[in-house]
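2 protein chains.
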Amino acid sequence: MIAPVLREEIARRYGTPAVVIDLDRVERNIARLQAACDAAGLANRPHIKTHKSPVLARMQIAAGARGVTCQKIGEAEVMAAAGIDDILVSYNLVGPHAVGRLGRLLRESPARLTVAADNPVTVAGLEEAARAGGRTLDVVVECDTGRKRAGVETPGEAVALARDIASRPGLAFAGLLLYPPAGDAAGAQTFLDEAKAGLAALGLEPRIVSTGGTPNLPELGQIRGATEHRAGTVIFNDRMMMAAGVATLEECALAVLARVVSRAGPERGILDAGSKTLTSDTGGGLDGFGLLPDHPGARIHAFAEEHGFLDLSACADRPAVGTLVEVVPNHVCVVVNMVDTLVTVRGGAIVGTLPVAARGMIA
Amino acid sequence: MIAPVLREEIARRYGTPAVVIDLDRVERNIARLQAACDAAGLANRPHIKTHKSPVLARMQIAAGARGVTCQKIGEAEVMAAAGIDDILVSYNLVGPHAVGRLGRLLRESPARLTVAADNPVTVAGLEEAARAGGRTLDVVVECDTGRKRAGVETPGEAVALARDIASRPGLAFAGLLLYPPAGDAAGAQTFLDEAKAGLAALGLEPRIVSTGGTPNLPELGQIRGATEHRAGTVIFNDRMMMAAGVATLEECALAVLARVVSRAGPERGILDAGSKTLTSDTGGGLDGFGLLPDHPGARIHAFAEEHGFLDLSACADRPAVGTLVEVVPNHVCVVVNMVDTLVTVRGGAIVGTLPVAARGMIA
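If you read the protein sequences in the order shown, they are chains A and B.
The opening residue of the first sequence carries number 1 in UniProt numbering; numbering runs sequentially from there.
The opening residue of the second sequence carries number 1 in UniProt numbering; numbering runs sequentially from there.
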């Protein structure tokens, strides 16, 4: 992704390891996601957890996205402060701190805010936030159609929670939020149809049916009744998306530029990027901790915090100390979250840097 | 570690997840490390990669530490700016950016600086930094006695690199840096004795013989000729140190305060701390991603970025949505690096926050 001559210039200017994005590739990925949503008749609501940058969020909106998705209240605050005016928080916000911040955001920001809930404790807090915020809050019910993460497990529970939401002053039942397991649009459809029937019996209708996930993009449009899609990783892609068959190496728009800083043994090397840069994320069980496109035989087999341990035994072209190498991370969303700035390149030249404004917004 | 009444107050004030340290425990750990070094007749040079805080570094120095150890030039800059006056960088600093920053630090800071190298490319860069810095730079040769991370693999190579260092204007050969595998003081001793004999034949003597690692503390003093020890993790300890038998739960001074935000299934729960807080570090193959002392049957079996997936099937007391839980991380050094501030408590009360000043200093 980064031409060799550019590598030296990035390394000289910003040091290594550096997290680099190619803006041409980013723009192509943004356009491709928008086109896929358009073709499926779905609103595009990209998840900003991947880039955590209002600048990139604005590029997504300029390309046609309806709004953005955030995971934590801190991310929503950063996006709202940057003028993003339609924000979905796809996460159970629980506890007085998160509820207080949501109330303030409702009061102080003109942004349209929608939040998810999968249980009555969350809903009770959202009611409090809406009261403090002085305006009605749209709430979607998070539904689990088999992935076993957050979300009510049955259509009946979804309907019951929707009724709870609709009964509370200050809250409006806005719809359903799903993150179907990849390849199981049919299971999501069954859940959705049953939930919609139950809702209809109560006079409720899901204005929003939000689906999610970059791995689900190939099935976009297969769930009848879906209204919007949330995809995060696709803006940059990574080794995990390549393994899932939803991205090519040429569609990976982010790479970590690292330097070989030790070659203590003939078959071993050490990169200056360890678990504090590339993270210990295995990408769901991938072999090694990143892909080295220029050294296909090299394998990052383990990490210390600032060491990436290279097994070079199967590597024809073993990089010497000082060599700059490009690493496509296993999981790009967690790598972006390690750094305060991304280095941006375009057309073989450095553009500058982009702050990761919502980095570390875990609360 | 955190009394239940304090948990609510921390969560209200700072939100969850929050990374909390108990200053009483921190001080006990600092004192214990210092006493161990004193008893072994070794200078104490704690590694700040664990806490990344000049405030905590100063506490370590006030307790008797000779100076600090850093892994990256950015960490050294933060410590030098805070007035720490004796800094060892135990890492191969390679490339024009790192070399340039080291040269500036030598020129602008009065701190005593020592750096490690395991190869001639690093040494050549250090010579350049010393020239730019206008003063002599002490260099130690990093030696690998079996751990297979950085470091020359044989005493002969160590001697050859020491000669290279000693021959360069602006560089002074200062000694040897080791990080022996735990339990192999004997192997380190053999390497060290051979290297010292080779050095003596050249008229060189290692003023510094630096050993490292919290897991090696039980063997402190067993390597004849060692002059100082670098230990990082011991200031906080973690599940990995407990598994290594070098810390008890009561010696763990850091916990992540997290909240149960979903209980979608009877045997499942979700914490608001995922891989962007606790990290995917397995602590060298531990089962699960953290210890829940109050819910010993609960297991964090997987992560999404902001979800910690709890398996509660073996948990007698299954926490409801809203419950605050304490998590002792697998590996504390990488968790500290995820946040910009630590919450500090002492004697059952909140003290305040401490900035993680060198967070994200990967270059």
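All C-beta atoms in this analysis are idealised placements derived from N, C-alpha and C, irrespective of residue type, glycine included.
Keep in mind that this is a model prediction, so the values were computed, not measured.
Nearest to residue i (by Cα), restricted to the options the options
{"i": "H229 (chain A)", "options": "A:G269, A:T69, A:V94", "result": "A:T69"}
{"i": "N44 (chain B)", "options": "B:A80, B:T190, B:I87", "result": "B:I87"}
{"i": "G187 (chain A)", "options": "A:V159, A:I223, A:A201", "result": "A:I223"}
{"i": "P54 (chain A)", "options": "A:L192, A:L354, A:I362", "result": "A:L354"}
{"i": "N237 (chain A)", "options": "A:A124, A:L33, A:A316, A:R147", "result": "A:L33"}
{"i": "P155 (chain A)", "options": "A:L113, A:L137, A:T122, A:P206", "result": "A:P206"}
{"i": "E157 (chain A)", "options": "A:L199, A:E251, A:L292", "result": "A:L199"}
{"i": "G347 (chain B)", "options": "B:V335, B:Q189, B:S313, B:L23", "result": "B:L23"}
{"i": "H331 (chain B)", "options": "B:T341, B:A244, B:E306, B:A304", "result": "B:A244"}
{"i": "P218 (chain B)", "options": "B:V234, B:G203, B:A117", "result": "B:V234"}
{"i": "L42 (chain A)", "options": "A:E75, A:A363, A:V339, A:G212", "result": "A:G212"}
{"i": "A314 (chain B)", "options": "B:F303, B:S90, B:G297", "result": "B:G297"}
{"i": "residue 390 (chain B)", "options": "B:A349, B:I362, B:A357", "result": "Summary: the structure shown does not reach residue 390 (chain B), with chain B confined to residues 1 through 363, and so no result is reported for it."}
{"i": "L113 (chain A)", "options": "A:H97, A:A130, A:P120", "result": "A:A130"}
{"i": "A201 (chain B)", "options": "B:D184, B:M241, B:K72, B:R163", "result": "B:R163"}
{"i": "H47 (chain B)", "options": "B:H97, B:I165, B:V26, B:S90", "result": "B:S90"}
{"i": "N119 (chain A)", "options": "A:V159, A:I84, A:L105", "result": "A:V159"}
{"i": "T136 (chain A)", "options": "A:K148, A:G103, A:V121", "result": "A:G103"}
{"i": "K148 (chain B)", "options": "A:A316, A:A358, A:F303, A:V121", "result": "A:F303"}
{"i": "A320 (chain B)", "options": "B:A358, B:V121, B:T341, B:P266", "result": "B:P266"}
{"i": "A40 (chain B)", "options": "B:I84, B:G288, B:N216", "result": "B:N216"}
Cβ-Cβ distance between residue i and residue j below 8 Å
{"i": "E142 (chain B)", "j": "L171 (chain B)", "result": "no"}
{"i": "I21 (chain A)", "j": "T279 (chain A)", "result": "no"}
{"i": "F153 (chain A)", "j": "A264 (chain B)", "result": "Note that residue 153 (chain A) is Glu in the sequence shown, not Phe. Against a cut-off of 8 Å, the Cβ pair of A264 (chain B) and E153 (chain A) comes out as a contact."}
{"i": "G322 (chain B)", "j": "I270 (chain B)", "result": "no"}
{"i": "G64 (chain B)", "j": "V99 (chain B)", "result": "no"}
{"i": "A80 (chain B)", "j": "S109 (chain B)", "result": "yes"}
{"i": "P329 (chain A)", "j": "G360 (chain A)", "result": "no"}
{"i": "S262 (chain A)", "j": "A150 (chain B)", "result": "yes"}
{"i": "A273 (chain B)", "j": "V327 (chain B)", "result": "yes"}
{"i": "E305 (chain A)", "j": "K49 (chain B)", "result": "yes"}
{"i": "V209 (chain B)", "j": "F173 (chain B)", "result": "no"}
{"i": "R268 (chain A)", "j": "L324 (chain A)", "result": "no"}
{"i": "D311 (chain B)", "j": "H295 (chain B)", "result": "no"}
{"i": "L161 (chain A)", "j": "V115 (chain A)", "result": "no"}
{"i": "P293 (chain B)", "j": "L249 (chain B)", "result": "yes"}
{"i": "V335 (chain A)", "j": "V94 (chain A)", "result": "no"}
{"i": "G284 (chain B)", "j": "M240 (chain B)", "result": "yes"}
{"i": "V256 (chain A)", "j": "P17 (chain A)", "result": "yes"}
{"i": "L192 (chain B)", "j": "A166 (chain B)", "result": "no"}
Whole-Å CB distance - residue i paired with residue j, under 8 Å assumed
{"i": "G133 (chain A)", "j": "R168 (chain A)", "result": "Incorrect: roughly 14 Å between the Cβ atoms, too far for contact."}
{"i": "T214 (chain A)", "j": "A231 (chain A)", "result": "5 Å"}
{"i": "V356 (chain B)", "j": "V339 (chain B)", "result": "6 Å"}
{"i": "G146 (chain B)", "j": "D184 (chain B)", "result": "6 Å"}
{"i": "E77 (chain B)", "j": "R101 (chain B)", "result": "7 Å"}
{"i": "I362 (chain A)", "j": "K52 (chain A)", "result": "Not quite, the Cβ-Cβ distance comes to about 11 Å (not below 8 Å), so this is no contact."}
{"i": "residue 366 (chain B)", "j": "R58 (chain A)", "result": "Since the first residue of chain B shown is 1 and the last is 363, residue 366 (chain B) is not available in this structure."}
{"i": "A117 (chain A)", "j": "N92 (chain A)", "result": "6 Å"}
Within chain B, partners of residue i - CB distance below 7 Å
{"i": "R12 (chain A)", "result": "P96, H97"}
{"i": "M240 (chain A)", "result": "The premise fails here: M240 (chain A) is roughly 12 Å from chain B at the closest Cβ pair, so nothing lies under 7 Å."}
{"i": "K72 (chain A)", "result": "E306"}
{"i": "R259 (chain A)", "result": "V94, G95"}
{"i": "G360 (chain A)", "result": "M338, V339, D340"}
Neighbour list for residue i in chain A, Cβ cutoff strictly below 8 Å
{"i": "H307 (chain B)", "result": "R149, A150"}
{"i": "G322 (chain B)", "result": "V94, G95, V121"}
Chain B contact residues for residue i, given Cβ-Cβ distances below 8 Å
{"i": "S280 (chain A)", "result": "T279, S280, D281, T282, V334"}
Contact list for residue i against chain B, beta-carbon separation under 9 Å
{"i": "A363 (chain A)", "result": "Y14, G15, T16, P17, A18, D272"}
{"i": "R198 (chain A)", "result": "Rather than Arg, the amino acid found at residue 198 (chain A) in this sequence is Gly. Near G198 (chain A) there are no residues of chain B at all, since even the closest Cβ is about 18 Å away, more than 9 Å."}
Listed by chain order, chain A residues near residue i by CB distance under 9 Å
{"i": "G352 (chain B)", "result": "Those within 9 Å of G352 (chain B) in chain A number zero; the least Cβ separation is about 16 Å."}
- Selection of the region 143 to 175 of chain A by Cβ proximity to chain B, strictly under 9 Å: D144, K148, R149, A150, G151, V152, E153, E157
- Chain-ordered residues of the region 261 to 275 of chain A with a beta carbon less than 8 Å from chain B: V261, S262, R263, A264, G265, R268, I270, D272, A273, S275
- Interfacial residues, the region 40 to 57 of chain A to chain B, with Cβ spacing under 9 Å: K49
- Item | Members of the region 81 to 114 of chain A that neighbour chain B once the beta carbon cut-off is set at 9 Å | Y91, N92, L93, V94, G95, P96, H97, A98, G100, R101
- Query: Going along the region 6 to 36 of chain B in order, which residues come within less than 8 Å of chain A, judged by CB to CB distance?
  - Reply: A11, R12, R13, Y14, G15, T16, P17, A18
- Please list the residues of the region 119 to 142 of chain A that have a C-beta atom closer than 9 Å to any C-beta atom in chain B, keeping them in chain order. N119, P120, V121, T122, G125, E142
- Query: Taking Cβ-Cβ distances below 8 Å as the criterion, which residues of the region 336 to 347 of chain B are in contact with chain A?
  - Reply: N337, M338, V339, D340
- Message: Can you pull out the residues from the region 184 to 216 of chain A whose beta carbon lies closer than 7 Å to at least one beta carbon of chain B?
- Response: none
- Item | Near-chain B residues of the region 285 to 298 of chain A (beta-carbon distance less than 9 Å), N- to C-terminal order | none
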